[in-house]
Amino acid sequence: MLEKNMYPEAVAPQPSDLKTIDLDRIFSLIRRQALVLGLCVAVMVVLAGFYLTMAPRSYLSAGQILIDKKLEQVTSGDAVATSSTDLEAQVLNQIEVLRSSRVAKAVAEAENLMTDQEFLNPPPSFSQRVKSLIGLGPRAQPVALEASLDEVVGMLRANVVVDRMGRSSIIRVGYEAATPELAQRIAQAYGKALLQDQLNAELEATGAAADWLQQRLAEIGESQRQAILAIEEYRQETGLSVGQDRDLTTQRIESLSTKLAEAQAESARLRALSAQVGAVVAAGPDTASSSVALLSGAQTDPAEISLLRNQVATLTSRIAEVEASYGADHPQLVVLKAEKGALDSRIFALLQNLDQQYRTQLAIAQEQEAGLRGDINAEGQSAGAIGQEQVRLNELQQRSDALRTLYNSYLARYEEAVQRQSFPIPSVRIVTDALLPEQPSSPKTMVILAAAVIAGCFFGAVLGVLNEMRERGFRTGSQVRRELGMRFLGYMPKLMIARGDSAEARQQTIRGLVRGALGTRVGRRWGAPYAEALKSTRLVLQPVSDRGTAVVGVLSVLPNEGKSTFALSFAEMLTAMGSRVLLLDADLGEERTGIPTRIMPSQQGDWRNAATTDLETGLVMLSASASEAGGGDLSSIAMQKVLAEARGQFDYVIIDLPALGPVIDALSVLPLTDASVLVTEWGKTPRRLVRNVFEREPELADHVVGVVLNKVDLGTLPKFTDIGGMERFAYRGETRVAKETEGAPT
2 MLEKNMYPEA VAPQPSDLKT IDLDRIFSLI RRQALVLGLC VAVMVVLAGF YLTMAPRSYL
62 SAGQILIDKK LEQVTSGDAV ATSSTDLEAQ VLNQIEVLRS SRVAKAVAEA ENLMTDQEFL
122 NPPPSFSQRV KSLIGLGPRA QPVALEASLD EVVGMLRANV VVDRMGRSSI IRVGYEAATP
182 ELAQRIAQAY GKALLQDQLN AELEATGAAA DWLQQRLAEI GESQRQAILA IEEYRQETGL
242 SVGQDRDLTT QRIESLSTKL AEAQAESARL RALSAQVGAV VAAGPDTASS SVALLSGAQT
302 DPAEISLLRN QVATLTSRIA EVEASYGADH PQLVVLKAEK GALDSRIFAL LQNLDQQYRT
362 QLAIAQEQEA GLRGDINAEG QSAGAIGQEQ VRLNELQQRS DALRTLYNSY LARYEEAVQR
422 QSFPIPSVRI VTDALLPEQP SSPKTMVILA AAVIAGCFFG AVLGVLNEMR ERGFRTGSQV
482 RRELGMRFLG YMPKLMIARG DSAEARQQTI RGLVRGALGT RVGRRWGAPY AEALKSTRLV
542 LQPVSDRGTA VVGVLSVLPN EGKSTFALSF AEMLTAMGSR VLLLDADLGE ERTGIPTRIM
602 PSQQGDWRNA ATTDLETGLV MLSASASEAG GGDLSSIAMQ KVLAEARGQF DYVIIDLPAL
662 GPVIDALSVL PLTDASVLVT EWGKTPRRLV RNVFEREPEL ADHVVGVVLN KVDLGTLPKF
722 TDIGGMERFA YRGETRVAKE TEGAPT
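For the working numbering, count along the sequence shown from 1 and bump the result up by 1.
The following block contains the structure:
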């Protein structure tokens, strides 16, 4: 038995080969679903064209309005800096004003739209035209209409277009109507209505402000008069004037403080002299002569004090000389001491008088000091009272000044409001008038067509993906290798054979196709896929045939997959190349492939009597339903005898086995064969079903040497391959092997 060869689709992907999006697969999907995609785009474009034909035309006329706060500074004269936030708020406010019902009412009344038939009778809508076209709705009849102001306002607000021009302070205001003239007229009316609304708002605000300012001026003036009267009354009650009384009190306190300091210094001096003289007096008259200097600051005659000093000095000197010369007992020393004692008594008396004077002066100085301190305290209390009264007076004066300033401010604002009321200037102006539109604004042809193409591509992509998800069969050889891990032998084109042909005619047709494919090289690179599939099968079975007779089973998972056609084609190809071939028809199903089956009861002994031989090619064909071959029992002894005897007489024994799905007869004869070929219908046989069969029968997978895809549409095959797939180049432009005529697939 030939060993199974595993052909993985590709080696493990390297990190550099890994991709997030497989573009090749996407392009292949687009190529396969190009028809669906094109049909969806075409349908959407047709629907878009129908909508463009039936939809009513509308025209948009728009003007531009500038918000300029500098216009207000012409009359006010104040340059006010406007921040970006304030400008943003102003623009948004004006946009909402333009969309408001107040401006819409002004436009409706100015243009008399409540009875305007052009405005009230727009052309029918798309849905109305469609209903009228298919007869579901009555045709619109033009009638004279009249609408209320609220209804007109609602219509205006629904069709007005207001937006900002970039980040500037310019607002574009327009209106969309059925005719260009009506759109221009209403758009211009909106600009005028906004200007008039701004003037009215300015007048109303200025008038209200002037009235309020006038009322406030009267109230503030009366309050100011009351404040002035309160100041005068308080001054009369307290006798104060602003600042004067307080300054006088301060000056008096400063003068008394100076005198108090001088009195305190004099008291300190007298206290010190009195203490010094008192200490000498307390010591007695014996030491009085030594303190003659204290008499110099008194009222004593300076000449007398000088005389006393000289006398004290002379006596002291004389006593010292006598005592030093004659001793302490000399009589003259007694006389001198008596004179000195009399002189000390005289000086002591003078010191006593001086002590009394200092005491008297000290008492007077202390009394003067106490009096000055009392005067200062009295002046301080008086200054506190004056300060409190002065604070109250200052409060009244400040209130009067504040009221005067407020009155002047309100008066200036009142005059400005009166001036602006007489000459109001709006903060907006029209920079571009609404023009007559030349082209309709809707429907937008290019936008709708682009949207139709995009929608068609979307729906086409959805349907294409759904079609791809419904794809369950094998389309390419790479799928066979990837899903089953088996050798792929080739593509068998779809042969169309007329229904009325007999078995002999079908055999002759297949024989002609095989000989034509073998005799003429058709196609590019690989040649005709029909012949290449047969040659590839022969090549893979060559090792078996070299060892002897090759018994080959032809399998399929489901009936009607064309395995009988492949078996007959393979047998015809082998006989054309000079091999001895026995074709055994073991497919006992209802569907026949044209192989002649002749049961001869009179020849039940030898299977050769039931076989038929083609005289032209030498192909021997035998039906397994013949009694000589076992009567349809593939595992019978008769069948084993047929295969055993055929191994010595033929080069190839090809067995057309039943389908694997419905019956298990094919599995019973597999041990008698050398290899098997699996025939799968292109795009029809489910991949999962084939995998399940091989998973359920592992020995079958080892017995199959290759897979053939049958009934292949060579014109469609390149669409299922990747950009680099060989099928795209090998089968590009291939012609059909057989002429397509009405018939059934074999």
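Even for Gly, the Cβ is constructed at its ideal location relative to N, Cα and C.
Computed from a predicted model, the values in this text were never measured in an experiment.
Mapping DSSP to helix, strand and coil, what is Asp586?
Here residue 586 refers to the residue found at position 585 when the sequence shown is read from its first residue. DSSP places Asp586 in strand when its eight states are reduced to three.
How long is the line joining the alpha carbons of Glu110 and Asp198, rounded to whole angstroms?
Numbered from its first residue, the sequence shown carries residue 110 at position 109. Numbered from its first residue, the sequence shown carries residue 198 at position 197. Going by the C-alpha atoms only, they are around 13 Å apart.
Please classify Lys712: does DSSP put it in a helix, a strand, or coil?
For this step, residue 712 is matched to residue 711 along the sequence shown. Note: Lys712 maps to strand in three-state DSSP.
In the DSSP assignment, find the unbroken alpha helix (DSSP H) run with Arg173 in it and report its ends.
Sequence index remark: in the sequence shown, residue 173 carries index 172 (1-based). First-last for Arg173: Ile171 to Ala178, but that is the beta strand (DSSP E), not the alpha helix (DSSP H).
Looking only at C-alpha atoms, which of Arg414, Ser85, Leu157 and Ala90 sits nearest to Glu112?
For the purposes of this step, residue 112 is identified with residue 111 of the sequence shown, where counting begins at 1. Comparing Cα positions, the closest option is Leu157.
In angstroms, rounded to a whole number, what distance separates the CA positions of Ala452 and Gln129?
Residue numbering aside, residue 452 sits at position 451 when the sequence shown is read from its first letter. Residue numbering aside, residue 129 sits at position 128 when the sequence shown is read from its first letter. So the alpha carbons of these two residues sit roughly 23 Å apart.
Three or more C-beta pairs under 8 Å: does that hold for the segment 576-584 against the segment 663-682?
In the pairwise beta carbon analysis, the segment 576-584 is classified as not touching the segment 663-682: fewer than three pairs are separated by under 8 Å.
Residue range of the alpha helix (DSSP H) that includes Gly619:
As a working note, residue 619 is residue 618 in the sequence shown. For Gly619, there is no enclosing alpha helix (DSSP H), as DSSP gives it neither H nor E.
Rounded to whole angstroms, how far is the Cβ of Val558 from the Cβ of Ala676, which I believe are closer than 8 Å?
Numbered from its first residue, the sequence shown carries residue 558 at position 557. Numbered from its first residue, the sequence shown carries residue 676 at position 675. Not quite, the Cβ-Cβ distance comes to about 17 Å (not below 8 Å), so this is no contact.
What does the Cβ neighbour count give for Ile638, buried or exposed, with the cut at 16 atoms within 10 Å?
Walking along the sequence shown from the start, residue 638 turns up at place 637. Sixteen is the threshold: since fewer than 16 other Cβ atoms of the shown chains lie within 10 Å of the Cβ of Ile638, the residue is exposed.
Classification of Arg476 by the beta-carbon crowding that lies within 10 angstroms, buried from 16 upward
On the sequence shown, residue 476 is found 475 positions in, with the first residue counted as 1. Buried, by the Cβ-count rule.
Integer Cβ distance of Val541 from Val706, believed to fall under 8 Å
Stepping through the sequence shown from its first residue, residue 541 is reached at position 540. Stepping through the sequence shown from its first residue, residue 706 is reached at position 705. Approximately 5 Å separates the beta-carbon atoms of Val541 and Val706; this is inside 8 Å, confirming the contact.
Runs of alpha helix (DSSP H) lying entirely within the segment 450-507, each at least 4 residues, in chain order:
List check, alpha helix (DSSP H) in window: 478-485.
Starting from the Cα of Ile135, find the closest Cα among Ala266, Ser565, Gln118 and Met55 and give me that residue.
The residue labelled residue 135 in the question sits at position 134 within the sequence shown. By alpha-carbon distance to Ile135, the top candidate from Ala266, Ser565, Gln118 and Met55 is Met55.
Test item: CB-CB of Glu370 and Leu261 under 9 Å:
Numbered from its first residue, the sequence shown carries residue 370 at position 369. Numbered from its first residue, the sequence shown carries residue 261 at position 260. Yes, the pair counts as a contact, with Cβ atoms nearer than the cut-off.
So if DSSP puts Ser62 in a beta bridge, which residue, or which two residues, is it bridged to?
Counting from one through the sequence shown, the residue named residue 62 turns up at place 61. According to DSSP, residue pairing for Ser62 in a beta bridge involves Tyr176.
Could you name the residues that DSSP lists as bridge partners for Ala551?
Here residue 551 is taken as the residue at index 550 of the sequence shown, counted from 1. Residue pairing from DSSP places Ala551 in a beta bridge opposite Tyr653.
Give a yes or no on contact between the segment 565-574 and the segment 642-658, applying the rule of three or more CB pairs nearer than 8 Å.
At 8 Å Cβ cutoff, the stretches touch.
CA nearest to the CA of Leu450, picked from Ala35, Ala43, Leu38 and Leu30
Along the sequence shown, one-based indexing puts residue 450 at 449. If we check each option's Cα against that of Leu450, Ala43 comes out closest.
I need the boundaries of the beta strand (DSSP E) containing Ala676, first residue and last residue.
Sequence index remark: in the sequence shown, residue 676 carries index 675 (1-based). Going by DSSP, Ala676 is part of the beta strand (DSSP E) stretching over Ala676 to Glu682.
Thinking just about the alpha-carbon of each residue, which of Val709, Asp666, Trp213 and Leu407 is nearest to the one in Gln480?
Taking the sequence shown and counting its residues from 1, one reaches residue 480 at position 479. From the listed residues Val709, Asp666, Trp213 and Leu407, the smallest Cα separation to Gln480 is found for Val709.
Spatial neighbours of Ile171 within its chain, please: CB distance less than 6 Å, with the 5 preceding and 5 following residues excluded, ordered by chain position.
Your numbering for residue 171 matches position 170 in the sequence shown. Result list for Ile171: Gln65 and Leu67, in chain order.
Just the Cα atoms here: how many angstroms apart are Ala435 and Ala202?
To locate residue 435, count along the sequence shown from 1; it is residue 434. To locate residue 202, count along the sequence shown from 1; it is residue 201. Per the coordinates, the alpha-carbon of Ala435 lies some 24 Å from the alpha-carbon of Ala202.
Have a look at the DSSP bridge pairing and note the partners of Ser443.
To locate residue 443, count along the sequence shown from 1; it is residue 442. Within the DSSP secondary-structure output, Ser443 pairs in a beta bridge with Ser59.
Neighbourhood of Ala1 by C-beta distance below 7 Å, restricted to the same chain and skipping five residues each side
With the chain covering 2 to 747 only, the question about residue 1 has no answer from this structure.
Put Leu67 into one of helix, strand or coil per three-state DSSP.
For the purposes of this step, residue 67 is identified with residue 66 of the sequence shown, where counting begins at 1. Leu67: strand per DSSP, three-state reduction.
Do Leu274 and Tyr327 have their C-beta atoms closer together than 9 Å?
Taking the sequence shown and counting its residues from 1, one reaches residue 274 at position 273. Taking the sequence shown and counting its residues from 1, one reaches residue 327 at position 326. No.
Looking at Ala667 and Ala625, is the spacing between their C-beta atoms short of 9 Å?
For the purposes of this step, residue 625 is identified with residue 624 of the sequence shown, where counting begins at 1. For the purposes of this step, residue 667 is identified with residue 666 of the sequence shown, where counting begins at 1. Their beta carbons are not under 9 Å apart, which means Ala625 does not touch Ala667 by this criterion.
Span of the alpha helix (DSSP H) holding Asp151?
Within the sequence shown, numbered from 1, the residue matching residue 151 stands at position 150. Element bounds for Asp151: Leu150 to Asn160.
Name, in chain order, the residues that DSSP records as bridge partners for Val705.
In the sequence shown, counting from the first residue as 1, residue 705 sits at position 704. Within the DSSP secondary-structure output, Val705 pairs in a beta bridge with Ser677.
If you draw a straight line from the C-alpha of Thr538 to the C-alpha of Leu490, how long is it?
Taking the sequence shown and counting its residues from 1, one reaches residue 538 at position 537. Taking the sequence shown and counting its residues from 1, one reaches residue 490 at position 489. Approximately 6 Å between the Cα atoms of the pair.
For Thr116, which residues of its own chain have a beta-carbon under 7 Å away from its beta-carbon, when the five flanking residues on both sides are left out?
If you number the sequence shown from 1, residue 116 lands on position 115. Taking Thr116 as the centre and dropping the five residues before and after it, the same chain places the C-beta of Glu147 closer than 7 Å to its C-beta, in chain order.
Sort Tyr235, Ser268 and Ala577 by Cα distance to Leu397 and report the nearest one.
Reading the sequence shown from its first residue, position 396 is the one you call residue 397. Considering only alpha carbons, the answer is Tyr235.
Extent of the continuous alpha helix (DSSP H) to which Thr576 belongs:
Numbered from 1 along the sequence shown, position 575 holds the residue referred to as residue 576. Note, Thr576: alpha helix (DSSP H), Lys564 to Ala577.
Where does the unbroken beta strand (DSSP E) through Arg430 begin, and where does it stop?
In the sequence shown, the residue the question calls residue 430 occupies position 429. According to the DSSP assignment, Arg430 belongs to the beta strand (DSSP E) that extends over Val429 to Thr433.
Return the first residue and the last residue of the alpha helix (DSSP H) that Phe120 is part of.
Position 119 of the sequence shown, counted from the first residue, corresponds to residue 120. Per DSSP, Phe120 belongs to the alpha helix (DSSP H) from Gln118 to Leu121.
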